[in-house]
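Enquirer: Got a structure for you, questions after.
Protein chains in written order, with the numbering used here: chain A, 15 to 172; chain B, 14 to 184.
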């Protein structure tokens, strides 16, 4: 009877150890397969953003040949200004940005970059521009630029 | 008595096997975890190296915009300087320790590829600064390509989006 009980205790102990090991393995497994939603800061995107902001757009302001850079166009769009040809600066900004991105990055379901999202917000948390194209996957890289004088924040993720 | 001892030894052996298996599994998980991080780091380092090199080249006084375009610009190449530089064909390859250096306009898009020279500039989209043999993989980075334009007598700045393509020598 005593021997039987001892054997039972040992079996319970053995089962407990197996359960503990299984739990530890499960914890490790869940850690390794966890979703990584953190954005990788990308130098490539940062470079793209820097070069893009210097691009001379077709929007002339105040006088002829005063073609605005993209960063100036963002500020003018935020102020609600119109170009010399009476086009809305935000419309020109929207179109130029879309074309710049589509010519620079191959985006599509068969490509490395499945989609992108771009947000330009002002200090009053007002959205100047916000749109996305394609599929937004769990892994993405991006960069952002903050215009201190105008408190405008530009974020782009691929 | 002997049988009981045998069972005990068997139990210990099973426990040792289970523990060994456990540590092997934990080690494998840890290794895969570390390796996945390494791959990300390697990609980032590659990207960073390409960026540093292209930024370095873009900021050389021979190429950079300096303050010719109203304000100090970063990652900006002066196309007017570049076309003059190409005419002289200096042996910069050994100085820069790179095999080839090219620049391609990305936007506004042109239908066909036109190699730039002094006779067709600025109506071209591909600057072949120098290209040597034994080129390794290409590293690209975005830059702003600026030049001075004249429209009805007035001079203004025109900046376009371009990609600088650099390749190292294979050693």
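The beta carbon of each residue, even a glycine, is placed where N, CA and C say it ideally should be.
1. Excluding sequence positions up to five away, which residues of its chain have a Cβ less than 6 Å from the Cβ of residue 156 of chain B?
2. Alpha helix (DSSP H) containing residue 109 of chain A: first to last residue?
3. Quick one, which residues of the segment 74-103 of chain B are near chain A if we go by CB-CB under 7 Å, in chain order?
4. Three-state secondary structure (DSSP) at residue 50 of chain B?
5. Run through the DSSP bridge pairs and tell me what residue 153 of chain B is partnered with.
6. For the alpha helix (DSSP H) that contains residue 62 of chain A, what are its first and last residues?
7. Residue ranges of each beta strand (DSSP E) run of no fewer than 3 residues wholly in the segment 109-170 of chain B, ordered along the chain?
8. Report the three-state DSSP secondary structure of residue 79 of chain A (helix, strand or coil).
9. How do the segment 134-151 of chain A and the segment 111-123 of chain A stand: do at least 3 beta-carbon pairs fall below 8 Å, yes or no?
10. Which whole-angstrom value describes the C-beta separation of residue 152 of chain B and residue 125 of chain B, a residue pair presumed to lie in contact below a C-beta threshold of 8 Å?
11. Three or more C-beta pairs under 8 Å: does that hold for the segment 133-149 of chain B against the segment 105-118 of chain B?
12. Alpha carbon to alpha carbon, what distance is there between residue 128 of chain A and residue 38 of chain A?
13. Decide if residue 69 of chain A is buried, meaning its Cβ has at least 16 other Cβ atoms within 10 Å, or exposed.
14. Report the option in B:98, B:59, B:58 and B:62 whose CA atom is closest to the CA atom of residue 77 of chain B.
15. Taking buried to mean at least 16 other C-beta atoms within 10 Å of its own C-beta, is residue 111 of chain B buried or exposed?
16. Is residue 152 of chain A helix, strand or coil when you go by DSSP?
17. Please name the residue, chosen from A:89, A:102, A:44 and A:153, that lies closest to residue 160 of chain A on a Cα-to-Cα basis.
18. Can you list, in chain order, the residues of its chain whose CB lies under 6 Å from that of residue 67 of chain A, leaving out five sequence neighbours each side?
19. Which residues of chain A have a Cβ atom closer than 9 Å to the Cβ of residue 170 of chain B, listed in chain order?
20. In this structure, does DSSP put residue 30 of chain A in helix, strand or coil?
21. Given a cut-off of 8 Å, decide if residue 121 of chain B and residue 53 of chain B are closer than it, judged by their beta-carbon atoms.
22. With residue 91 of chain B as the anchor, note down where its beta strand (DSSP E) starts and where it stops.
23. Determine the direct distance from the alpha carbon of residue 150 of chain B to that of residue 73 of chain A, and round the result to whole angstroms.
Expert: Walking through what the data contain:
1. For the purposes of this step, residue 156 of chain B is taken as the residue at position 143 of the second chain. Result list for residue 156 of chain B: 71, 88, 90, 175 and 177, in chain order.
2. As a working note, residue 109 of chain A is residue 95 in the first chain. From DSSP, the alpha helix (DSSP H) with residue 109 of chain A extends over 103-118.
3. 86, 87, 88 and 89
4. To locate residue 50 of chain B, count along the second chain from 1; it is residue 37. Of the three classes helix, strand and coil, the one that applies to residue 50 of chain B here is helix, per DSSP.
5. Counting from one through the second chain, the residue named residue 153 of chain B turns up at place 140. Per DSSP, B:178.
6. For the purposes of this step, residue 62 of chain A is identified with residue 48 of the first chain, where counting begins at 1. Element bounds for residue 62 of chain A: 57-67.
7. 111-120, 139-144 and 148-164
8. Translated into positions along the first chain, residue 79 of chain A becomes position 65. Note: residue 79 of chain A maps to coil in three-state DSSP.
9. yes
10. Translated into the one-based positions of the second chain, residue 152 of chain B becomes position 139. Translated into the one-based positions of the second chain, residue 125 of chain B becomes position 112. Contact flag wrong, Cβ pair sits at about 25 Å.
11. yes
12. Reading the first chain from its first residue, position 24 is the one you call residue 38 of chain A. Reading the first chain from its first residue, position 114 is the one you call residue 128 of chain A. For residue 38 of chain A and residue 128 of chain A, the distance between alpha carbons rounds to 36 Å.
13. Sequence index remark: in the first chain, residue 69 of chain A carries index 55 (1-based). By the 10 Å Cβ count, residue 69 of chain A comes out buried.
14. Indexing the second chain from 1 puts residue 77 of chain B at position 64. Here the closest residue by C-alpha is B:98.
15. By one-based count along the second chain, residue 111 of chain B stands at place 98. Buried is the call here.
16. Position 138 of the first chain, counting from 1, holds the residue named residue 152 of chain A. Of the three classes helix, strand and coil, the one that applies to residue 152 of chain A here is coil, per DSSP.
17. For the purposes of this step, residue 160 of chain A is identified with residue 146 of the first chain, where counting begins at 1. Among A:89, A:102, A:44 and A:153, the Cα nearest to that of residue 160 of chain A is on A:89.
18. In the first chain, counting from the first residue as 1, residue 67 of chain A sits at position 53. Hits under 6 Å: 84 and 85.
19. Counting from 1 along the second chain, the entry for residue 170 of chain B is found at position 157. Ordered by position in chain A, the residues that pass the 9 Å Cβ test against residue 170 of chain B are 70, 81 and 83.
20. If you number the first chain from 1, residue 30 of chain A lands on position 16. Looking at residue 30 of chain A - three-state DSSP - the assignment turns out to be helix.
21. Stepping through the second chain from its first residue, residue 53 of chain B is reached at position 40. Stepping through the second chain from its first residue, residue 121 of chain B is reached at position 108. The answer is no: Cβ separation not under 8 Å.
22. Numbered from 1 along the second chain, position 78 holds the residue referred to as residue 91 of chain B. It spans 89-91 - the beta strand (DSSP E) in which residue 91 of chain B sits, taken as one unbroken run.
23. Within the first chain, the letter at position 59 stands for residue 73 of chain A. Within the second chain, the letter at position 137 stands for residue 150 of chain B. C-alpha separation (whole angstroms): 39 Å.
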